[in-house]
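Novice:
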Amino acid sequence: MIKRFIRRVLGLADEQMQRVARGEHGLARAAISPTAAKVCAVLREAGFQAYVVGGAVRDLLLAIVPKDFDIATDARPEQVKPLFRRALIIGRRFRLVHVMMGAETVEVSTFRAADPDTAEKDEHGRVLRDNVFGTQAEDARRRDFTVNALYYDPATEEVVDFHGGLADLKRRVLRVIGEPETRYREDPVRMLRAVRLAAKLGLTLDPATREPIRRLAPLMERVPPARLFDEMLKLLLSGHASACLRQLREVGLHKGLLPLLDVILEQPLGERFVTLALAQTDERVLAERPVSPAFLFAALLWHEVLAAWKARAARGERAIFALENAMDEVLDTQCAKLAITRKLTATMREIWSMQPRFELRSGSRPYRLVESPRFRMAYDFLALRAASGEVPAELEAWWRTFHAADAETRKAMLLPETGPRKRRRRRRRKKQPAAPAATPA
Ligand code: ATP
Ligand code: MG
Numbered sequence: 011m012i013k014r015f016i017r018r019v020l021g022l023a024d025e026q027m028q029r030v031a032r033g034e035h036g037l038a039r040a041a042i043s044p045t046a047a048k049v050c051a052v053l054r055e056a057g058f059q060a061y062v063v064g065g066a067v068r069d070l071l072l073a074i075v076p077k078d079f080d081i082a083t084d085a086r087p088e089q090v091k092p093l094f095r096r097a098l099i100i101g102r103r104f105r106l107v108h109v110m111m112g113a114e115t116v117e118v119s120t121f122r123a124a125d126p127d128t129a130e131k132d133e134h135g136r137v138l139r140d141n142v143f144g145t146q147a148e149d150a151r152r153r154d155f156t157v158n159a160l161y162y163d164p165a166t167e168e169v170v171d172f173h174g175g176l177a178d179l180k181r182r183v184l185r186v187i188g189e190p191e192t193r194y195r196e197d198p199v200r201m202l203r204a205v206r207l208a209a210k211l212g213l214t215l216d217p218a219t220r221e222p223i224r225r226l227a228p229l230m231e232r233v234p235p236a237r238l239f240d241e242m243l244k245l246l247l248s249g250h251a252s253a254c255l256r257q258l259r260e261v262g263l264h265k266g267l268l269p270l271l272d273v274i275l276e277q278p279l280g281e282r283f284v285t286l287a288l289a290q291t292d293e294r295v296l297a298e299r300p301v302s303p304a305f306l307f308a309a310l311l312w313h314e315v316l317a318a319w320k321a322r323a324a325r326g327e328r329a330i331f332a333l334e335n336a337m338d339e340v341l342d343t344q345c346a347k348l349a350i351t352r353k354l355t356a357t358m359r360e361i362w363s364m365q366p367r368f369e370l371r372s373g374s375r376p377y378r379l380v381e382s383p384r385f386r387m388a389y390d391f392l393a394l395r396a397a398s399g400e401v402p403a404e405l406e407a408w409w410r411t412f413h414a415a416d417a418e419t420r421k422a423m424l425l426p427e428t429g430p431r432k433r434r435r436r437r438r439r440k441k442q443p444a445a446p447a448a449t450p451a
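According to the working numbering, the stretch in the sequence shown is residues 11 to 451, in order.
1) Is K421 helix, strand or coil by DSSP?
2) Roughly how many whole angstroms lie between the Cα atoms of K91 and L98?
3) Secondary structure at H108, three-state DSSP: helix, strand or coil?
4) Can you look up K265 in the DSSP assignment and give me helix, strand or coil?
5) Less than 8 Å between the beta carbons of L245 and K347, yes or no?
6) Buried or exposed: where does T166 fall if 16 or more other Cβ atoms within 10 Å of its Cβ makes it buried?
7) I'd like to know if the segment 183 to 201 and the segment 136 to 156 are in contact, where contact means that at least 3 CB-CB pairs between them fall below 8 Å.
8) Could you check what DSSP says for R434 in three-state terms: helix, strand or coil?
9) Give the DSSP-derived three-state secondary structure of A40 in the structure shown.
10) Suppose the cutoff is 7 Å on Cβ atoms and the five residues either side in sequence are ignored; what does the same chain contact list for V261 look like?
11) In three-state DSSP terms, what is P443?
12) For a test of your reading of the model: does the CB of D78 fall under 7 Å from any non-hydrogen atom of the ligand MG? Yes or no.
13) Does DSSP put A82 in a helix, in a strand, or in coil?
14) Quick check: L333 and S363, are their CB atoms within less than 8 Å of each other?
15) Should M11 be labelled buried (16 or more other beta-carbon atoms within 10 Å of its own) or exposed?
16) Under the assumption that E88 contacts A123 (Cβ atoms under 8 Å), give the Cβ distance between them as a whole number of angstroms.
17) Can you look up P450 in the DSSP assignment and give me helix, strand or coil?
18) Quick check: the Cα distance between M337 and R359, rounded to an integer number of angstroms?
19) Measuring from the CB of G249, is there a heavy atom of the ligand MG at a distance below 7 Å?
20) For V30 and K180, I'd like the C-alpha separation in whole angstroms.
21) Helix, strand or coil for V233 per DSSP?
22) When you compare the CB positions of F391 and Q365, do they come within less than 8 Å of one another, or not?
23) Contact defined as beta carbons within less than 8 Å: I believe T291 pairs with L279. What is the distance between those atoms, to the nearest angstrom?
24) Beta carbon of G64: closer than 7 Å to some heavy atom of the ligand MG?
25) Tell me whether the segment 160 to 175 and the segment 105 to 118 touch, counting them as touching only if at least three CB pairs, one residue from each stretch, are closer than 8 Å.
26) With respect to 7 Å, is the separation between the Cβ of K265 and the closest non-hydrogen atom of the ligand ATP below this value?
27) Check each candidate in A51, E381 and A388 and name the one with the smallest Cα separation from A309.
28) Closest to A403 by CA distance: which of A414, A415 and F368 is it?
29) Which partner residues of Q28 appear in the DSSP bridge assignment?
30) I'd like the list of long-range same chain contacts for D163, defined as Cβ closer than 6 Å, with 5 residues on each side in sequence excluded.
And the structure:
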């Protein structure tokens with residue numbers, strides 16, 4: 011503490027750069043992707059510094075296969091580009107270089123400073139712009155967590171550590187660089203990242219890193235929706251969505267983040283449904299099977315839709331309109347906060363609006379439904395509803411059998427035509443809404 015104070019008074023940076031030899035961290039050059047290693051070598055030959063940085067170093071040290079390799083250098087983008095045959099300068103706010111070799115692309119960014127005193131901020135301390143080049147020490151300081159600020163030099167096999175990230179990895183702790191409250195105010199998304207990374211990496215949040223989150227959770231409201239959507243998607247598709255959600259609740263970040271989570275997680279059937287959906291998604295992600303974000307969001311919002319649908323039906327709205335309106339209502343609220351893309355909402359609507367059609371098992375309707383291009387997705391959704399106890403297991407079993415059956419079996423399975431005919435005859439009577447059959451009691 012005193013040492014730190016003296017360093018401050020003397021105007022010295024309070025971090026200590028450490029170069030840690032391979033013997034101490036164990037990360038061998040061979041673990042780096044050949045493309046990333048090559049890019050570093052080229053930069054070095056041209057007289058620049060070049061390190062693998064961020065998530066890749068962290069993951070490798072934890073024996074996790076990294077998603078991608080990012081490189082940090084003291085070369086400016088316009089100095090990097092001519093060194094490679096296929097390279098593109100991208101980004102307007104902060105320019106970086108994409109270097110392509112074979113099928114792989116690595117991102118090369120120039121050391122960047124985020125001077126908290128000069129950066130433009132909003133009235134809550136959120137940084138709006140930080141785009142000046144800087145030293146490696148400054149680059150490390152602007153990163154979010156100590157374990158994300160490790161630089162690996164493939165030439166020497168050393169790890170450069172400014173903030174004790176290696177020690178934190180050993181202790182399995184996720185710790186914010188600098189003063190947590192300030193760092194969360196600069197960028198509230200860091201709170202979400204803390205939860206996601208802790209769950210993904212199996213790290214615990216350092217007490218000081220964890221403490222301010224509950225208090226600062228309302229700052230999430232100021233994050234631009236598109237950014238929030240990206241982060242939520244990362245979280246939900248991380249393969250650890252269930253663990254993340256549990257953590258979000260524990261640290262008090264679920265409130266207001268996705269309006270749906272507030273309500274849903276408080277009602278047993280909704281919670282069961284969401285838990286099942288997330289567990290299924292995690293399983294698929296970890297087995298490297300494809301996951302549909304639309305399906306996932308449709309699942310997350312389903313009990314909101316159900317509640318709105320039921321309320322409207324109870325007020326006398328006709329069933330199909332009630333459902334349409336309920337979908338609009340829910341998507342409007344959610345999109346304001348999350349910028350769910352149009353393509354996604356279109357699919358979500360399809361999944362939802364097909365659900366009442368599973369109740370109709372007579373005449374030609376079941377044939378039309380199984381032929382629909384979205385049948386598989388809608389059926390999977392029905393299966394989830396059945397598994398959570400929202401609809402009878404028998405309904406799901408019927409559709410599973412019907413889908414696989416031959417023509418004769420299908421015909422024998424159809425239920426007698428009753429409801430709809432009667433309804434047609436008594437046209438003037440108010441229609442019996444289908445909603446209550448599909449909604450929980
Ligand atoms: P993942 O495994 O999900 O890719 P990551 O840590 O690599 O995790 P990225 O979004 O790829 O996450 O970010 C790369 C690096 O950029 C991080 O390791 C961190 O050093 C830095 N970084 C990312 N987001 C922030 C942020 N909001 N604030 C400060 N630094 C950040
Ligand atoms: Mg990354």
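Here a beta-carbon is modelled for each residue, glycine too, at the ideal position from N, C-alpha and C.
Please read these numbers as outputs of a predicted model, since none were measured by experiment.
Specialist: Let's see:
1) As a first step, residue 421 is located in the sequence shown; it is residue number 411 there, counting from the start. DSSP places K421 in helix when its eight states are reduced to three.
2) Sequence index remark: in the sequence shown, residue 91 carries index 81 (1-based). Sequence index remark: in the sequence shown, residue 98 carries index 88 (1-based). Taking the straight line from one Cα to the other gives about 7 Å.
3) In the sequence shown, the residue the question calls residue 108 occupies position 98. Here H108 sits in strand by DSSP.
4) Locating residue 265 in the sequence shown gives position 255, counting from the first residue. Coil.
5) Translated into the one-based positions of the sequence shown, residue 245 becomes position 235. Translated into the one-based positions of the sequence shown, residue 347 becomes position 337. Taking 8 Å as the Cβ cut-off, L245 and K347 do not qualify as a contacting pair.
6) As a first step, residue 166 is located in the sequence shown; it is residue number 156 there, counting from the start. T166 is classed as exposed because its beta carbon has fewer than 16 other beta carbons within 10 Å across all chains shown.
7) yes
8) Mapped onto the sequence shown, residue 434 falls at position 424. In this prediction, R434 scores a pLDDT of 49, lower than 50, which makes its location untrustworthy; the coordinate-derived value is nonetheless stated afterwards. If DSSP states are grouped into helix, strand and coil, R434 belongs with the helices.
9) Residue numbering aside, residue 40 sits at position 30 when the sequence shown is read from its first letter. Three-state DSSP puts A40 in a helix.
10) Within the sequence shown, numbered from 1, the residue matching residue 261 stands at position 251. Closer than 7 Å at Cβ, skipping near neighbours: V205, R220, I223 and R224.
11) As a first step, residue 443 must be located in the sequence shown, where it is residue number 433. With a pLDDT of 45 at P443, under the threshold of 50, the modelled position of that residue is not reliable, and no figure is offered here.
12) Locating residue 78 in the sequence shown gives position 68, where the first residue counts as 1. Yes, since a heavy atom of the ligand MG falls inside the 7 Å radius drawn around the Cβ of D78.
13) On the sequence shown, position 72 is the one that residue 82 refers to. The answer is strand: DSSP assigns A82 an E or B state.
14) Here the question's residue 333 lines up with position 323 in the sequence shown. Here the question's residue 363 lines up with position 353 in the sequence shown. It is a contact, given that the beta carbons lie within the stated cut-off.
15) Stepping through the sequence shown from its first residue, residue 11 is reached at position 1. Per-residue confidence for M11 stands at a pLDDT of 47, beneath the threshold of 50, marking its modelled position as unreliable; the derived number appears in the next sentence. Label assigned to M11: exposed.
16) Sequence index remark: in the sequence shown, residue 88 carries index 78 (1-based). Sequence index remark: in the sequence shown, residue 123 carries index 113 (1-based). Not confirmed; about 18 Å, so no contact.
17) Locating residue 450 in the sequence shown gives position 440, where the first residue counts as 1. For P450, the predicted structure reports a pLDDT of 39, less than 50, and the residue's modelled location is therefore unreliable. The matter cannot be settled from this model.
18) Along the sequence shown, one-based indexing puts residue 337 at 327. Along the sequence shown, one-based indexing puts residue 359 at 349. Rounded to the nearest angstrom, the two C-alpha atoms are 7 Å apart.
19) Translated into the one-based positions of the sequence shown, residue 249 becomes position 239. No; taking the cut-off as 7 Å, the Cβ of G249 has no heavy atom of the ligand MG nearer than that.
20) Position 20 of the sequence shown holds residue 30. Position 170 of the sequence shown holds residue 180. Roughly 14 Å separates the two Cα atoms.
21) Residue 233 sits at position 223 when you count from the first residue of the sequence shown. It is coil, neither helix nor strand.
22) In the sequence shown, the residue the question calls residue 391 occupies position 381. In the sequence shown, the residue the question calls residue 365 occupies position 355. Against a cut-off of 8 Å, the Cβ pair of Q365 and F391 comes out as a contact.
23) If you number the sequence shown from 1, residue 291 lands on position 281. If you number the sequence shown from 1, residue 279 lands on position 269. The C-beta separation of T291 from L279 comes to about 19 Å, leaving the pair out of contact by the 8 Å criterion.
24) Along the sequence shown, read from residue 1 onward, the residue named residue 64 stands at position 54. Result yes, Cβ under 7 Å from the ligand MG.
25) no
26) The residue you call residue 265 lines up with position 255 of the sequence shown. Because no heavy atom of the ligand ATP lies under 7 Å away, the Cβ of K265 does not count as near it: no.
27) What you label residue 309 is simply residue 299 of the sequence shown in a count that begins at 1. Selected option, being the one with the closest Cα: A388.
28) Indexing the sequence shown from 1 puts residue 403 at position 393. If we check each option's Cα against that of A403, F368 comes out closest.
29) Looking up residue 28 in the sequence shown gives position 18. Its beta-bridge partners are D171.
30) Numbered from 1 along the sequence shown, position 153 holds the residue referred to as residue 163. Same-chain partners within the cutoff: Y61.
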